[in-house]
Structures are given as C-alpha cells and as structure tokens.
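Counting in numbering that gives the first Met the number 0, the sequence shown runs from 0 upward without gaps. Note that the Cβ used here is the ideal one computed from N, Cα and C, for glycine as well. In this text the structure is predicted, and so the values were computed from the model without any measurement. Take a look at the structure set out below.
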Amino acid sequence: MELVREPLRFKRRTTKMNGHGLVLIWKNTPTRSLFEMMDKLLNERMTKRSGCVMRSQYESVNELFGTPKIIKMMRHAPEEKKQMLATSIIMEGNAWTNDPVSGGFGMVQKIMWKIMLHKAYLHELEEKIKEEKEKAELHL
C-alpha cells in the first residue's frame, strides 16, 4: 500500500519585493504535512469502503474535529474511558450535523425545554387528579 498517492510539491526559497521591503518566501517545505496526508488516507479508507458501518458518523465527526485531533484524544484517554470518549465524539459530530448553529448545546437546550414542558404537564395532571379526588370525597 502506497502512503502518498500524489507526489509532494516542494518549493524553493525566494525573495520578493513588496511595498514594505523584501519578503522571504520559504518554498523548501512540503505543501502538505504528515497529518494532512494521514487524514486524507483515513478519509479515503473510511469513505470509500462501502461495507463500513461507521461511514456516515465518521464523516460528520471528521468534519468537526479532524482525524489528527481524534487520534490525539484517543491516545491520551485512559483505556477504561475510550469507549465513552468515542461515543461522546460521535454524538457531538451528529449534533453539529443536525444543528450546525447550536450543536451539542442546542441539543441539551431542547432536551431541557422538553423536560420543563413535561414537568409542567405533570404538575397540571396532578392538580386535576387532586381536584377529582376532592370531588369524589365530597360526594361520599
């Protein structure tokens, strides 16, 4: 398996005049870093593989965090917390895919709002039950 599919482009160091004087332009460095190459390779592997179960989740997570950051987080996580970290990363990626403005915070806000509505509805039902019990006691 070849790691780099296209050749690296190297640039030379040149000097250039602009309005503020000479500017050095470093052109001896590769245009892509090792992480960018690995990121591209992992993306190709994950997105081209038709049988991959995590394909759609990987795309959203990779768009949000990037492969190097995901790898770094997984390396630094304790072994017993890696599964929870992976689940959290996937949930955060899905949250940002579903709601690009608020992301995970928006998801938590919606859940809290639903909880408040259900509590209010429950309180209303409890009041009605209490009233009905009082009516039933008066008729006996």
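query                                                                                                                                                                               : result
For residue 66, count the other beta carbons within 10 Å of its own beta carbon; 16 or more makes it buried, fewer makes it exposed. Which is it?                                   : buried
Give me, in chain order, the residues of the same chain whose beta-carbon lies closer than 8 Å to that of residue 106; leave out the 5 immediate sequence neighbours on both sides. : 94, 97, 98
Does the segment 77-89 come within contact of the segment 55-64, defined as at least 3 CB pairs closer than 8 Å?                                                                    : yes
What span of residues does the alpha helix (DSSP H) with residue 104 cover, start to end?                                                                                           : 102-138
To the nearest angstrom, report how far apart residue 130 and residue 110 are at their CA atoms.                                                                                    : 30 Å
Where residue 102 and residue 112 are concerned, what is the direct C-alpha to C-alpha distance, given to the nearest angstrom?                                                     : 16 Å
Measuring straight from C-alpha to C-alpha, what distance separates residue 132 and residue 123?                                                                                    : 14 Å
Output the boundary residues of the alpha helix (DSSP H) element that contains residue 81.                                                                                          : 81-97
Using three-state DSSP, classify residue 68 as helix, strand or coil.                                                                                                               : helix
Quick one, are the C-beta atoms of residue 81 and residue 73 less than 8 Å apart?                                                                                                   : yes
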